[in-house]
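Notes follow the structure.
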Amino acid sequence: MTSRIYAAGLLLYGPAGRALVGGAVLVDGTTIADVGPRAEVVARAAPGTPVADFPGAALLPGLIDTHVHLSFDAGPDPVAALLAGDDRTLPFSVAGRARLLLDHGVTTVRDLGDRDGVVAALRDAIDQGLLIGPRVLSAGSPVTIPGGHCWFLGGEAKGTDGIRAVIRRNVAAGADWIKVMATGGTLTPDGPAPAEPQFTTAELTFAVQEAHSAGKRVAAHVHGAAGVEAALDAGVDTLEHCSFIAAGGTGAGPEERPDLVDRIAATGTYVCPTYSGSLDLAARSIGPERMRPWLDVALHQHERGVRLVAGTDAGIRGAGFDDYATGLEWFGRAGLPADVVLEMATSRAAEALGLGDRTGRLAAGLDADLVLVDGDPRADLSVLRSPALVVTRGRPHLPPAAAERGLG
Ligand SMILES: [Zn+2]
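Residue numbers for the sequence shown follow the working numbering, beginning at 29 and rising by one.
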């Protein structure tokens, strides 16, 4: 079993406010064996354990993207590209995108919608050591209504019988999570509008019971308030987007529902607002001042006690697989403190995914998922853009950009 000590000028443990100047992490095989002040970790380790020193760097838990679509290409029309794409090469595209996420410090991803089980196969290939990549959780084909949001991913379901059939198919194909499209969305212009619910509360409740009885948690795609309310009534585990878009569309600005935000907070349901480079595109098209009410949606949720987590919707237009940090910077721009944003990207994201005892923190016994960056991300989140080194379940990975810098 390979052992190595990673020492850095600054350790950030994951939870906000937990940091150590001059710390080190001992990695034994795939696991973190010890964490603490550099001298103590070195003294406790077996004599001769190699030490990699990064005095100007911060060492933190590997980043977590709780919402990606590895089968989308992040181009101008990801849906058309997937439908017209070459099925033979899709698995390689998907593996390349997962590798890009790893190059940018992301060691865990939850894929919330692909088709034909491609992402579950990638997960297994990475777990078997055939490829280096992040830990992957797959939701398979999202449950949607006939002709509804993302119907083309193969999860169309009519009524409770249809819902049960899609969930069972996903579980049989190895899904880790179940994704339900509780409202319409912007990717599917012929389907229901983002403010419109797709399922009744009874149907959503049925879907959650069916998934939970198979041991799977449920992520609900929700935009409008009616969908949020139904998803909460149904007892879903995470709310995706949660944008509070009004019935009139984006022009009217988000609907203000502090009562519903308080309910989300009271239930403890995690919310992923899906922030990414797609917000750069939005800001360019509507202007920075009109972004403010939309950014306030997440800020107010945070202020009222909602457990927000980071996730990018990588694969949709403007949400690149090489651009995780941009989403975090947008949380900063919205007004969230940087150490909270870092928690949303590490320990809290791991808890949301049910992986709190596996990853997301620097703690003995957890998997060795680490990222090293030059500088202090609490002072400047953009230092996360280009990690110096990534460690994924104990395997060190030198991102190509860091290798280039090393060559001078
Ligand atoms: Zn999505």
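Glycine is no exception: its CB is placed at the ideal position from the N, C-alpha and C atoms. Here the structure is a predicted model, which means the values were calculated and not measured.
Contact set for Ile173: own chain, Cβ-Cβ below 6 Å, skip 5 residues either direction: Indexing the sequence shown from 1 puts residue 173 at position 145. The beta carbon of Ile173 sits closer than 6 Å to those of Gln226, all from its chain and outside the five residues before and after it, given in chain order.
Rounded straight-line distance, which links the Cα of Leu129 to that of Phe349: Counting from 1 along the sequence shown, the entry for residue 349 is found at position 321. Counting from 1 along the sequence shown, the entry for residue 129 is found at position 101. Straight through space, the alpha carbons of Leu129 and Phe349 are spaced by roughly 5 Å.
Assigned secondary structure, Ile273 (DSSP; H/G/I helix, E/B strand, else coil): Here residue 273 refers to the residue found at position 245 of the sequence shown. Annotated three-state conformation of Ile273 is strand, per DSSP.
Exposed unless 16 or more other CB atoms sit within 10 angstroms - verdict on Asp243: Numbered from 1 along the sequence shown, position 215 holds the residue referred to as residue 243. Before going on, a small fix: residue 243 reads as Gly here, not Asp. Counting every other CB atom within 10 Å of its CB across the protein chains shown gives Gly243 a total below 16, marking it as exposed.
Three-pair Cβ contact test at 8 Å for the stretch 328-338 versus the stretch 292-300: Enough Cβ pairs lie closer than 8 Å, so yes.
Neighbourhood of Leu54 by C-beta, 6 Å cutoff - its chain only, sequence neighbours within 5 removed: Counting from one through the sequence shown, the residue named residue 54 turns up at place 26. The beta carbon of Leu54 is closer than 6 Å to those of Ile33, Ala61, Asp62, Val69, Ala73 in its chain, skipping five residues each way along the sequence.
Short Cβ contact (7 Å threshold) for Ala437 with Glu231: Lying before the first or after the last residue shown, residue 437 is absent from the chain, which here runs from 29 to 436.
Segment contact flag, the stretch 166-184 with the stretch 201-212, C-beta cutoff 8 Å, min 3 pairs: They touch, by the three-pair rule.
Where His330 falls: helix, strand or coil (DSSP): The count along the sequence shown starts at 1 and reaches residue 330 at position 302. In the structure shown, His330 falls within a helical segment according to DSSP collapsed to helix, strand and coil.
Short Cβ contact (7 Å threshold) for Trp205 with Ala167: Position 177 of the sequence shown, counted from the start, is the residue given in the question as residue 205. Position 139 of the sequence shown, counted from the start, is the residue given in the question as residue 167. Going by C-beta atoms, Trp205 is nearer than 7 Å to Ala167.
Distance cut-off 6 Å: Asp341 Cβ against heavy atoms of ligand 1: In the sequence shown, counting from the first residue as 1, residue 341 sits at position 313. Checking the Cβ of Asp341 against ligand 1 gives yes.
Span of the alpha helix (DSSP H) around Leu7: No answer is possible for residue 7: the residues shown for the chain start at 29 and end at 436.
Three-state secondary structure (DSSP) of Asp351: Against the sequence shown, residue 351 aligns to sequence position 323. Three-state DSSP puts Asp351 in coil, outside helix and strand.
Alpha-carbon to alpha-carbon, Ala373 and Val325: Along the sequence shown, one-based indexing puts residue 325 at 297. Along the sequence shown, one-based indexing puts residue 373 at 345. In a straight line, the C-alpha of Val325 is about 19 Å away from that of Ala373.
beta-carbon Leu140 near ligand 1 non-hydrogen atom, thresh 6 Å: Along the sequence shown, one-based indexing puts residue 140 at 112. Leu140: yes, Cβ under 6 Å from ligand 1.
Residues bridged to Arg245 [DSSP beta-bridge criterion]: Residue numbering aside, residue 245 sits at position 217 when the sequence shown is read from its first letter. Trp205.
Terminal residues of the beta strand (DSSP E) in which Arg163 lies: Here residue 163 refers to the residue found at position 135 of the sequence shown. Looking at the DSSP string, the run of the beta strand (DSSP E) that includes Arg163 is 163-166.
Nearest neighbour of Val96, chosen from Val164, His240, Leu412, Ile273 [CA to CA]: For the purposes of this step, residue 96 is taken as the residue at position 68 of the sequence shown. Ranking the options by Cα distance to Val96, first place goes to Val164.
Every unbroken alpha helix (DSSP H) inside the stretch 96-181 [4 residues or more]: Scanning the stretch 96-181 from its first residue to its last, the whole alpha helix (DSSP H) runs of 4-plus residues come out as 106-112, 118-131, 146-155.
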